[in-house]
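Enquirer: Handing you this structure, nothing more for now.
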Amino acid sequence: VKRSGKNAFRFFDPELNTRHRDRIALENDLRGAVARGELDLHYQPQVSLATRGIVGLEALLRWNHPGLGAIPPATFIQVAEEVGLISEISNWVLETACAQLARWQAEGVGAPRVSINLSACDFQRGDVVGRIRACLDRHGVAPSCLEVEITEGLMMDDTADIAAKVRALREAGISVAIDDFGTGYSALAYLQRFPVSTLKIDRSFVRDLEGPMTNPIISAITGIARGFDLDLVAEGVENLEQADALRALGCEVMQGYLFARPAPAGEVPGWLRQPERL
Ligand code: C2E
Ligand code: CA
Ligand code: CA
Ligand code: CA
Numbered sequence: 457v458k459r460s461g462k463n464a465f466r467f468f469d470p471e472l473n474t475r476h477r478d479r480i481a482l483e484n485d486l487r488g489a490v491a492r493g494e495l496d497l498h499y500q501p502q503v504s505l506a507t508r509g510i511v512g513l514e515a516l517l518r519w520n521h522p523g524l525g526a527i528p529p530a531t532f533i534q535v536a537e538e539v540g541l542i543s544e545i546s547n548w549v550l551e552t553a554c555a556q557l558a559r560w561q562a563e564g565v566g567a568p569r570v571s572i573n574l575s576a577c578d579f580q581r582g583d584v585v586g587r588i589r590a591c592l593d594r595h596g597v598a599p600s601c602l603e604v605e606i607t608e609g610l611m612m613d614d615t616a617d618i619a620a621k622v623r624a625l626r627e628a629g630i631s632v633a634i635d636d637f638g639t640g641y642s643a644l645a646y647l648q649r650f651p652v653s654t655l656k657i658d659r660s661f662v663r664d665l666e667g668p669m670t671n672p673i674i675s676a677i678t679g680i681a682r683g684f685d686l687d688l689v690a691e692g693v694e695n696l697e698q699a700d701a702l703r704a705l706g707c708e709v710m711q712g713y714l715f716a717r718p719a720p721a722g723e724v725p726g727w728l729r730q731p732e733r734l
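Here the UniProt record's numbering is used: the first residue of the sequence shown is 457, the next is one more, and so on.
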């Protein structure tokens, strides 16, 4: 073991050393994951309590690691961003979601809009709007069938360029949602400059709801959505108390384990046939 050098500390901390090796192994495995076909999309319905219908499906990424099993996106998306693999992964997500929409269309499944999660990196470099439009075209899928979810952080940096991209998506007929709304910078002024279509109430706010009660943050968010004429979706709805409270607060489209867990595409036709069972 080397005793000198800037990183000597690392060599004497067995736990750090293990973490470092795990991280490098993860990076290496991730490099080939797309090519080896280890990624998969699961879908989770967004349910309207008013109509008892499914208004959308969120596509959530899954990595089936050959040795480690299913790895949740929270543990590898950030790594993918840091080592420059995210654009390959995002392209795969876009491609797979559009191909699935085309398949459902061909089968007469009548699938609603699908939301995909993109990372800030996707908007910071490259022609994200062109790639999305080309992909929809190639699969013969209408732009209104797709929604892109982005986070608040994206809207805080290079605003003019990013705002132009968001506007271009909207002008192409593609919906844009702000994910985890209220957990980021909360500089609401950006809502004036970014013509998004949907706000998603983060699970952290939904989690604290019990019974019919007022919740100042959720009330404020529903007010903002109404004021800007935006769609509103609450995520992470796990029980009836939360669903009732959300409805009382003015949010009636919900996503969460109460209705369905994210599941493979094969589950979707069944949900659409009998949404009232969710
Ligand atoms: P998110 O976009 O906020 O997605 C919602 C997360 O909450 C998902 O976790 C979903 O499985 C989980 N969830 C849904 N309903 C409930 C519920 O009732 N209770 C609880 N406890 N959890 C619920 P998941 O699939 O592990 O994804 C985690 C995060 O990873 C996502 O958070 C998103 O930020 C990111 N992610 C997922 N797929 C992609 C992707 O294709 N691309 C990128 N860039 N990020 C992705
Ligand atoms: Ca999301
Ligand atoms: Ca979210
Ligand atoms: Ca979240």
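Glycine is no exception: its CB is placed at the ideal position from the N, C-alpha and C atoms.
All figures in this text were calculated on a predicted structure; none of them were measured in a lab.
(1) In this structure, does DSSP put phenylalanine 684 in helix, strand or coil?
(2) Within the continuous beta strand (DSSP E) that includes valine 511, where are the two ends?
(3) With DSSP run on the structure shown, which of helix, strand or coil describes alanine 690?
(4) Once you ignore the five residues that flank threonine 639 on each side, which residues in its own chain have a CB closer than 6 Å to its CB?
(5) Closest by CA to isoleucine 677, which one among Ala628, Leu602, Glu471, Asp636?
(6) Buried or exposed: which applies to glutamine 698, given that a residue is buried once 16 or more other Cβ atoms fall within 10 Å of its Cβ?
(7) Applying the 10 Å Cβ sphere with the 16-neighbour rule, what's the burial state of aspartate 613?
(8) Would you check if there are 3 or more beta carbon pairs closer than 8 Å linking the region 533-544 to the region 496-510?
(9) Please look up how many angstroms separate the CB atoms of histidine 521 and glutamate 494, rounded, as I've assumed it's under 8 Å.
(10) Have a look at glycine 683 and asparagine 473 and give me their C-alpha separation to the nearest angstrom.
(11) Would you say alanine 576 faces chain C, with C-beta separation under 8 Å as the test?
(12) Could you check what DSSP says for arginine 717 in three-state terms: helix, strand or coil?
(13) Going by beta carbon distance, what residues of the same chain come within less than 8 Å of arginine 587, once the five residues before and after it are set aside?
(14) Please list the terminal residues of the continuous beta strand (DSSP E) segment that includes serine 631.
(15) Cβ-heavy atom distance between alanine 624 and ligand 1 below 7 Å?
(16) According to DSSP, is glutamate 708 helix, strand or coil?
Expert: On the basis of the supplied data:
(1) Indexing the sequence shown from 1 puts residue 684 at position 228. Coil at phenylalanine 684, not helix or strand.
(2) Counted from its first residue, the sequence shown places residue 511 at position 55. Run containing valine 511: 509-521, per the beta strand (DSSP E) assignment.
(3) As a working mapping, residue 690 is identified with position 234 in the sequence shown. Looking at alanine 690 - three-state DSSP - the assignment turns out to be strand.
(4) Working through the sequence shown from its first residue, we reach residue 639 at position 183. Only Asp658 meet the Cβ criterion.
(5) On the sequence shown, position 221 is the one that residue 677 refers to. When only C-alpha atoms are compared, the closest one is Asp636.
(6) Taking the sequence shown and counting its residues from 1, the one referred to as residue 698 is at position 242. Buried, because 16 or more other Cβ atoms sit within 10 Å of the Cβ of glutamine 698.
(7) Here residue 613 is taken as the residue at index 157 of the sequence shown, counted from 1. Exposed: under 16 other Cβ atoms inside 10 Å.
(8) no
(9) Counted from its first residue, the sequence shown places residue 521 at position 65. Counted from its first residue, the sequence shown places residue 494 at position 38. Histidine 521 to glutamate 494, Cβ: 7 Å. Contact.
(10) Position 227 of the sequence shown, counted from the first residue, corresponds to residue 683. Position 17 of the sequence shown, counted from the first residue, corresponds to residue 473. Cα to Cα, the separation comes out at about 52 Å.
(11) Reference to chain C is not applicable here, since this structure consists of a single protein chain.
(12) The residue you call residue 717 lines up with position 261 of the sequence shown. Correct three-state label for arginine 717: coil.
(13) Position 131 of the sequence shown, counted from the first residue, corresponds to residue 587. Only Asn547, Leu550 meet the Cβ criterion.
(14) Within the sequence shown, numbered from 1, the residue matching residue 631 stands at position 175. That run of the beta strand (DSSP E) goes 631-637.
(15) Residue numbering aside, residue 624 sits at position 168 when the sequence shown is read from its first letter. No, since every heavy atom of ligand 1 falls outside the 7 Å radius drawn around the Cβ of alanine 624.
(16) Position 252 of the sequence shown holds residue 708. Here glutamate 708 sits in coil by DSSP.
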